[in-house]
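Residue numbers for the sequence shown follow our numbering, so the first one is 61 and each next one is one higher.
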Amino acid sequence: MDILKAEIAKKRKLLEERELLGSEKKFFKRGELIAKEREEYKKKYYLSNERNDRTTNVTIDEDKESDVQHSILPRNEVISRLRDRGEPILLYGETEIDAFKRL
């Protein structure tokens, strides 16, 4: 029985630390708990990952642009090569550069 009481006290303390359960409240809403957990998750992971993502995205974009600029075929040539392969000229949501990359 002591183990059960200790577990209940542990959970109550955890809820009070997250400021979901004050001294006057005996219950909390599940939605509030989920919202608090999401906030903590965002603070913990998104802020640190945003810094890393910005630097990697810039380098990746620069590499892609330099590859495309060095060897762009005329549009007519891209269309004829795709038709020779039996592939569609443009897929849904695809740009002309993406179609060129499929070659």
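By construction, the Cβ of each residue, glycine as well, lies at the ideal position given by its N, Cα and C atoms.
8 Å Cβ cutoff met for glutamate 167 and arginine 135: This structure leaves residue 167 out entirely; the chain is present only between 61 and 163.
Considering Cα atoms alone, identify which of Tyr152, Phe87, Arg143 and Pro148 is closest to leucine 75. Phe87
Could you pull out every residue in the same chain whose Cβ sits closer than 8 Å to the Cβ of glutamate 147, ignoring the five residues on either side in sequence? Arg162
What residue range is occupied by the uninterrupted alpha helix (DSSP H) comprising glutamate 77? 62 to 77
Please work out which residues of its chain come closer than 7 Å, Cβ to Cβ, to arginine 141, disregarding the five sequence neighbours upstream and downstream, and give them in chain order. Leu163
Quick check: the Cα distance between isoleucine 132 and tyrosine 106, rounded to an integer number of angstroms? 37 Å
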